[in-house]
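**Q** Input: one structure, supplied below.
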Amino acid sequence: MDSNKQLEKKLADYRRFTLTLLILSGYMYIGVIISLYEYKTDAYYYLFAVIAVLLMTAFIFIKKINHWQQKLREE
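Numbering (my numbering), first residue to last: 174 to 248.
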């Protein structure tokens, strides 16, 4: 029972952090649009790389969340 509660807390933390990563990647994408059209800089190349890393991390967390939810359902 204790391990289930710990797993539920971990799931909640991962959900919050995944949402934070998705929000941050949205803000970064807005930064890409601004730097591309307003300032005409090449900074968007770096921002695209950061956005890709954020989205990949969020995807990995979503896969972990799904795995842990399935594990909780089985128990």
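No residue lacks a Cβ here, since even glycine has one placed at the ideal position from N, Cα and C.
1) Determine the closest residue to Ile233 out of Ala222, Tyr187, Ser198, Tyr202, with distance taken between C-alpha atoms.
2) Assuming Ile238 and Leu192 are in contact, meaning their beta carbons sit under 8 angstroms apart, how far apart are those beta carbons, in whole angstroms?
3) Just the Cα atoms here: how many angstroms apart are Tyr218 and His240?
4) Just to confirm before moving on: does the CB-CB distance between Val205 and Phe190 stay below 8 angstroms?
5) Got a sec, what are the start and stop residues for the alpha helix (DSSP H) Ala216 sits in?
**A** Looking at the coordinates:
1) The residue labelled residue 233 in the question sits at position 60 within the sequence shown. By alpha-carbon distance to Ile233, the top candidate from Ala222, Tyr187, Ser198, Tyr202 is Tyr187.
2) Sequence index remark: in the sequence shown, residue 238 carries index 65 (1-based). Sequence index remark: in the sequence shown, residue 192 carries index 19 (1-based). Not confirmed; about 11 angstroms, so no contact.
3) Here residue 218 is taken as the residue at index 45 of the sequence shown, counted from 1. Here residue 240 is taken as the residue at index 67 of the sequence shown, counted from 1. Each residue's Cα considered, the two are about 34 angstroms apart.
4) Residue mapping note: residue 205 aligns to position 32 of the sequence shown, counting from 1. Residue mapping note: residue 190 aligns to position 17 of the sequence shown, counting from 1. No Cβ-Cβ contact shorter than 8 angstroms links Val205 with Phe190.
5) For this step, residue 216 is matched to residue 43 along the sequence shown. Bounds of any alpha helix (DSSP H) do not take in Ala216, whose DSSP letter is neither H nor E.
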